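Protein chains in written order, with UniProt numbering: chain A, 1 to 496; chain B, 1 to 496.
See structure below.
There are 2 protein chains.
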Amino acid sequence: MHAEVTPSTLDTEQRQRLFRELQAELPQEGLLHTTEELRPYECDALPAYRRLPMAVALPETLEQARAVLRICRAAGVPVVARGAGTGLSGGALPLENGVVLSLARFNRILEIDVDNRCAVVEPGVRNLAITEAAAPHGLYYAPDPSSQIACTIGGNVAENSGGVHCLKYGLTVHNVIGLKILTIDGELVTLGGKTLDAPGYDLLALMTGSEGMLGIIVEVTVRLLPRPERAQVLMASFDLVEDAGRAVTAIIGAGIIPGGLEMMDNPSIRAAEDFVHAGYPVDAAAMLLCELDGSNAEVSEQIMKVRDLLLSHKATDVSTAETEEQRARFWAGRKAAFPAVGRISPDYYCMDGTIPRKHLAMVLNRIDELGREYGLRVANVFHAGDGNLHPLILFDANVAGELEKAEELGGRILELCVEVGGTVTGEHGVGVEKLNQMCVQFSAEELTQFHAIKAAFDPESLLNPGKAVPTLHRCAEFGAMHVKNGQLPFPDLPRF
Amino acid sequence: MHAEVTPSTLDTEQRQRLFRELQAELPQEGLLHTTEELRPYECDALPAYRRLPMAVALPETLEQARAVLRICRAAGVPVVARGAGTGLSGGALPLENGVVLSLARFNRILEIDVDNRCAVVEPGVRNLAITEAAAPHGLYYAPDPSSQIACTIGGNVAENSGGVHCLKYGLTVHNVIGLKILTIDGELVTLGGKTLDAPGYDLLALMTGSEGMLGIIVEVTVRLLPRPERAQVLMASFDLVEDAGRAVTAIIGAGIIPGGLEMMDNPSIRAAEDFVHAGYPVDAAAMLLCELDGSNAEVSEQIMKVRDLLLSHKATDVSTAETEEQRARFWAGRKAAFPAVGRISPDYYCMDGTIPRKHLAMVLNRIDELGREYGLRVANVFHAGDGNLHPLILFDANVAGELEKAEELGGRILELCVEVGGTVTGEHGVGVEKLNQMCVQFSAEELTQFHAIKAAFDPESLLNPGKAVPTLHRCAEFGAMHVKNGQLPFPDLPRF
């Protein structure tokens, strides 16, 4: 068991030497170290955590990236990999005594292989750029985080990102078939490839979602899917959140896997409607957006079935988008929901947890109660089909103590997810944000196993130390409340 | 780097003490150690390798399994986990100085959870028994190895098994969502569960396919799928193997993912037809079976499209099974292909390798040439859609040297798979059979990383030592011919 690592800080002279060594290997403008240059790197998209790194390295080639690792390792300096910095859990938060290794210049699409339906790309390629490059062949890359215009595929792999379409098409881990990584020793390791299965331990899946703690991703091979012939979306309103939850269970239970199945509660509906005028039902307690995709015949058949299921589960209104323009309008409100909530509250804190689908209604009610207990409003807009919740906790950082209250409420919500048999993350990773909740999710034995894996790749813990997996010491301080499938503090929760 | 482990053999007195300790913890008839009792455990379904273990333990409870691990660990005795013993690569081959830990009595279906569309089962439950238990709810478990009547889900997880339907529905790793394992220390570790994503490193995927070398599987949660409304199969004949290969690429390229897409060459067609009289085209060079499944509308549409594609890729005949009975008959020949080949040759050796789909025709021709070079016939019957080859090498073990020739030819075929960018296994695992080919597939750095993972779970290498991952020493002796994506000994192969 290794302790929380805090490598010794370099003195000024040692720093200067490190910078000289790095600069000698990197291109002109490939090393940043003034405060002004470092400022854009002080946080990712979880701005509650900020730290200036010692330096940022921007290699352009494999050899340069390898040199950065070699130099940092020799100096005992930790390395934090970074894509576009759009992560929501602080996974790319720098270390003051560390170097940020930006993969932004690894931005070439190396191959669109139509026969084998895959793309080989560098890690700094944007998620959407893969789909754009594949589009002329009628193909696309399925996982679509809402940041897909900006986020990079390397970051998606590091955080095992999701998106609206993951219900049907899987998370990043289900769509990545090959990786090349550099180990902390600078060795190039190839995991998976263009074929079905790879022998040996499944290091490909292990690397996916490992938040830059096991190796540096330098090449990614992703599966491409044929663009479906047709996609059509239904919008349904409900008077009760419970009914919407039951309709979700019924659709999946009927054997239909929609391309997307999203739920919004009343505060989210109102905020989105005020913002983009999508025609949403502002008086509904909840609404569902259900997109069916596939062949023409398949979609026609499923639209009918889903419509019937929605109506028989007490939807008060169901409308079908009949044109592409209408479909885009239905989605516009959902897609703008986060910024829309940003307009009705000075600040908000977006949580990410996952629960077994059948507990949806009960957990939403419980979140509502918790919000009242803390005196904070919570808006819910989320991937209902997956049971992947995104409660948005509204607060005002300028009111003393509200940020802390919001963070505490967020923690309580994640613990609630664990209690009903769920997990503390759906698609945003653990980063620094959810370290304490990992103590709730996992036992000491399980965390010990995680640390052994980390040590097998990175014995000196120089790759993004302090993220994703808490030390046992930290859990002991936090109270190590491992409640999985056991104690139920809330008497109203059913046993499961 | 740990060396190939050969723990010291126990003397008679130490053995007797071990047996007494084990017997004290196990039920009556839960410990086998006479030669007669041990005989059924000397091999799995790769009978070329045989060894009698020291003892077989048959625990019935978690506590008993934990006691077996504790006692073996204290005595420094290796443990080889075993399900039904249907594996094809020798993964369950015993060690003379080791104990076989049979999970056969862990055979309860714990839960069919219809709302969350999953089943929780013990590892000794047979693959088909899961589907049978789920059937009343209209659900089934997708991966279907040809041994599915007999093989256990624990063994499927250990070997990451596949089957005909894996093209559309994925391998075992894509259908297992939770595991409970015992570590060599006897700790119970929970990996994944009923929800979408789990935080932390993806140990669930890492465990899948790890061939009993990282932990003992004691509980498995699998995803269940709704039984498709309809399934229909097409049979197509071709005069040239190349044309069949191109038709496969064209079907997948058109964005159609069949439920199954299987290819048989002329020797396989003849053997199967002689055996089960399925109505196969005995004069065709190759035939394809393509099954479409889904909703009624979807299948009707795809059947038309696939038929057109087959005809435009020079199929000489295409027939559609119009009844369930006819569909069963089309499949009967494919399902009986291995025993059918067993009727035309005293012995055969079934290989398992995977290649990028587009190289199908070229690789089949090259296998034919290699067969002639070795003077051995090769029949091909395989999962064409996945590029997962199963060459059956025909030989006679009673002819001196033929077994060795068959094994050498098998090795050459696997190396050919690696050369064209493929892998040495598709769905049968590595076991003892393909240790040398792992040296071809992986570099020393990659193998070193595998050993580090093993050591992170099992530092004394007591869990199934000597399987799946070769030592660097072994690779050096074999000649360490790591040829991946590089040297091409055959001048007629295109660069890729």
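Every residue, glycine too, gets a C-beta built ideally from N, C-alpha and C.
Since the structure is predicted, the reported quantities are computational estimates derived from the model, not experimental observations.
#### Entry: CA-to-CA distance, residue 405 of chain B to residue 481 of chain B, given in whole angstroms
Here residue 481 of chain B is taken as the residue at index 481 of the second sequence, counted from 1. Here residue 405 of chain B is taken as the residue at index 405 of the second sequence, counted from 1. Note that residue 481 of chain B has pLDDT 47, beneath the 50 cutoff, so the model's placement of it is unreliable and no number is given.
### Query
What did DSSP end up calling residue 409 of chain B once you bin it into helix, strand or coil?
Within the second sequence, the letter at position 409 stands for residue 409 of chain B. Here residue 409 of chain B sits in helix by DSSP.
### Query
Roughly how many angstroms separate the alpha carbons of residue 292 of chain A and residue 472 of chain A, rounded to a whole number?
The residue labelled residue 292 of chain A in the question sits at position 292 within the first sequence. The residue labelled residue 472 of chain A in the question sits at position 472 within the first sequence. If I take the Cα positions, the gap works out to 45 Å.
#### Entry: Simplified DSSP assignment, three categories, for residue 478 of chain A
As a first step, residue 478 of chain A is located in the first sequence; it is residue number 478 there, counting from the start. In this structure, residue 478 of chain A counts as helix in the three-state DSSP scheme.
### Message
Does residue 54 of chain A come out as helix, strand or coil in the three-state DSSP assignment?
### Response
Position 54 of the first sequence, counted from the start, is the residue given in the question as residue 54 of chain A. Residue 54 of chain A: coil per DSSP, three-state reduction.
### Message
Here's a check: name, in chain order, each residue in its chain whose Cβ is nearer than 8 Å to the Cβ of residue 225 of chain A, leaving out the five neighbours to either side.
### Response
As a working note, residue 225 of chain A is residue 225 in the first sequence. The answer, listed in chain order, is 117, 139, 140, 141, 142, 169.
### Task
Within the segment 174-230 of chain A, note down every full beta strand (DSSP E) run reaching 3 residues or more, in order along the chain.
For the segment 174-230 of chain A, whole beta strand (DSSP E) runs of length 3 or above, ordered along the chain, are 176-182, 188-192, 216-223.
### Task
Determine contact between the segment 251-269 of chain B and the segment 376-389 of chain B, defined as no fewer than three beta-carbon pairs at a distance below 8 Å.
The segment 251-269 of chain B, when compared against the segment 376-389 of chain B, does touch it at the 8 Å Cβ threshold.
### Task
Check each candidate in A:50, A:55, A:371 and name the one with the smallest Cα separation from residue 30 of chain A.
To locate residue 30 of chain A, count along the first sequence from 1; it is residue 30. It is A:55 whose Cα lies nearest to the Cα of residue 30 of chain A.
### Task
List the residues of chain B whose Cβ lies closer than 7 Å to the Cβ of residue 357 of chain A, in chain order.
For the purposes of this step, residue 357 of chain A is identified with residue 357 of the first sequence, where counting begins at 1. Chain B residues near residue 357 of chain A: 115, 116.
### Task
Classify residue 391 of chain A as helix, strand or coil using the three-state DSSP reduction.
The residue you call residue 391 of chain A lines up with position 391 of the first sequence. Assignment of residue 391 of chain A by DSSP, reduced to helix, strand and coil, places it in the strand class.
### Task
Since I believe residue 327 of chain B is in contact with residue 321 of chain B (beta carbons under 8 Å), could you give me their beta-carbon distance rounded to a whole number of angstroms?
As a first step, residue 321 of chain B must be located in the second sequence, where it is residue number 321. As a first step, residue 327 of chain B must be located in the second sequence, where it is residue number 327. Going by Cβ atoms, the distance from residue 321 of chain B to residue 327 of chain B rounds to 4 Å, so yes, they are a contact pair.
### Message
Taking only three categories from DSSP, how would you classify residue 368 of chain A?
### Response
Counting from 1 along the first sequence, the entry for residue 368 of chain A is found at position 368. DSSP places residue 368 of chain A in helix when its eight states are reduced to three.
### Query
Taking the C-alpha atoms as reference points, what is the distance between residue 15 of chain B and residue 440 of chain B?
Translated into the one-based positions of the second sequence, residue 15 of chain B becomes position 15. Translated into the one-based positions of the second sequence, residue 440 of chain B becomes position 440. If you take the alpha carbons of residue 15 of chain B and residue 440 of chain B, they lie about 39 Å apart.
### Task
Tell whether a beta-carbon distance below 8 Å holds between residue 313 of chain B and residue 250 of chain B.
For the purposes of this step, residue 313 of chain B is taken as the residue at position 313 of the second sequence. For the purposes of this step, residue 250 of chain B is taken as the residue at position 250 of the second sequence. Taking 8 Å as the Cβ cut-off, residue 313 of chain B and residue 250 of chain B qualify as a contacting pair.
### Query
How big is the Cα-Cα spacing for residue 306 of chain A and residue 273 of chain A?
Residue numbering aside, residue 306 of chain A sits at position 306 when the first sequence is read from its first letter. Residue numbering aside, residue 273 of chain A sits at position 273 when the first sequence is read from its first letter. The alpha-carbon atoms of residue 306 of chain A and residue 273 of chain A are separated by roughly 24 Å.
### Query
Which residue's Cα is closest to the Cα of residue 362 of chain B: B:343, B:392, B:339, B:420?
Counted from its first residue, the second sequence places residue 362 of chain B at position 362. The shortest CA-to-CA distance from residue 362 of chain B to any of B:343, B:392, B:339, B:420 is the one to B:420.
### Query
Is it a yes or a no for the segment 175-184 of chain B touching the segment 212-222 of chain B, going by three-plus beta-carbon pairs under 8 Å?
Touching, yes.
### Message
Output needed in chain order: residues of the segment 460-482 of chain B with a Cβ under 8 Å from some Cβ in chain A.
### Response
Under the 8 Å Cβ criterion, the segment 460-482 of chain B contributes 468, 469.
### Query
Looking at the unbroken alpha helix (DSSP H) that takes in residue 81 of chain A, where does it start and where does it end?
Position 81 of the first sequence, counting from 1, holds the residue named residue 81 of chain A. Note, residue 81 of chain A: premise wrong, no alpha helix (DSSP H); beta strand (DSSP E) at 79-82.
### Message
Taking the alpha carbon of residue 428 of chain A as the reference point, which residue from A:85, A:261, A:9 has its own alpha carbon closest?
### Response
Indexing the first sequence from 1 puts residue 428 of chain A at position 428. With distances taken between Cα atoms, residue 428 of chain A lies closest to A:85.
### Task
Starting from residue 243 of chain A, trace the alpha helix (DSSP H) both ways and give me its first and last residue.
Within the first sequence, residue 243 of chain A is the residue found at index 243, counting from 1. Following the DSSP letters along the chain, one finds residue 243 of chain A inside the alpha helix (DSSP H) bounded by residues 241-253.
### Message
Against chain A, does residue 411 of chain B count as a neighbour if the rule is that its beta carbon must be under 8 Å from one of theirs?
### Response
As a first step, residue 411 of chain B must be located in the second sequence, where it is residue number 411. False, the Cβ-Cβ gap to chain A never drops below 8 Å.
### Query
Which chain A residues are close to residue 313 of chain B, counting only those with a beta carbon under 7 Å from its beta carbon?
In the second sequence, residue 313 of chain B corresponds to position 313, counting from 1. The contacting residues do not exist; residue 313 of chain B stays about 14 Å from chain A at best.
### Message
Just to confirm, is the Cβ distance from residue 159 of chain A to residue 467 of chain A under 8 Å?
### Response
Here residue 159 of chain A refers to the residue found at position 159 of the first sequence. Here residue 467 of chain A refers to the residue found at position 467 of the first sequence. Against a cut-off of 8 Å, the Cβ pair of residue 467 of chain A and residue 159 of chain A comes out as no contact.
### Message
Nearest by alpha-carbon distance to residue 164 of chain A: which of A:425, A:437, A:290 is it?
### Response
For the purposes of this step, residue 164 of chain A is identified with residue 164 of the first sequence, where counting begins at 1. Closest option to residue 164 of chain A, Cα to Cα, is A:290.
### Query
Does the beta-carbon of residue 494 of chain A have 16 or more other beta-carbons within 10 angstroms, so that it is buried, or is it exposed?
Start at 1 with the first residue of the first sequence, and residue 494 of chain A comes out as number 494. Residue placement at residue 494 of chain A cannot be trusted, given a pLDDT of 32 that sits under 50; the coordinates are not used to answer.
### Task
List the DSSP bridge partners of residue 347 of chain A.
To locate residue 347 of chain A, count along the first sequence from 1; it is residue 347. For residue 347 of chain A, which the question treats as bridged, DSSP gives the partners A:395.
### Identity of the residue in B:95, B:294, B:448, B:152 nearest residue 231 of chain B by Cα
Position 231 of the second sequence, counted from the first residue, corresponds to residue 231 of chain B. Per the C-alpha coordinates, the member of B:95, B:294, B:448, B:152 positioned closest to residue 231 of chain B is B:294.
### Chain-ordered neighbours of residue 300 of chain B on chain A, where CB pairs are closer than 8 Å
One-based indexing of the second sequence puts residue 300 of chain B at position 300. What residue 300 of chain B touches in chain A: 297.
#### Entry: As assigned by DSSP and simplified to three states, the class of residue 383 of chain A
For the purposes of this step, residue 383 of chain A is taken as the residue at position 383 of the first sequence. Of the three classes helix, strand and coil, the one that applies to residue 383 of chain A here is strand, per DSSP.
### Message
For a contact defined as C-beta to C-beta under 7 Å, what are the partners of residue 226 of chain B on chain A?
### Response
One-based indexing of the second sequence puts residue 226 of chain B at position 226. Here the neighbours are 255.
### Task
Determine, using beta-carbon pairs with one atom in the segment 239-246 of chain A and one in the segment 358-376 of chain A, whether at least three such pairs fall under 8 Å.
Here the segment 239-246 of chain A makes contact with the segment 358-376 of chain A; the two share three or more CB pairs at distances below 8 Å.
### Message
So residue 252 of chain A contacts chain B; which residues on that side make the cut at Cβ distance below 8 Å?
### Response
One-based indexing of the first sequence puts residue 252 of chain A at position 252. Those are 117, listed as they occur along chain B.
### Query
Which residues in chain B sit within 7 Å of residue 136 of chain A, going by Cβ to Cβ distance?
Along the first sequence, one-based indexing puts residue 136 of chain A at 136. The contacting residues do not exist; residue 136 of chain A stays about 14 Å from chain B at best.
#### Entry: Own chain partners of residue 19 of chain A with C-beta closer than 6 Å, once the 5 adjacent residues on each side are dropped
Within the first sequence, residue 19 of chain A is the residue found at index 19, counting from 1. Scanning its chain for C-beta atoms nearer than 6 Å, with the 5 sequence neighbours on each side dropped, one finds around residue 19 of chain A the residues 33, in chain order.
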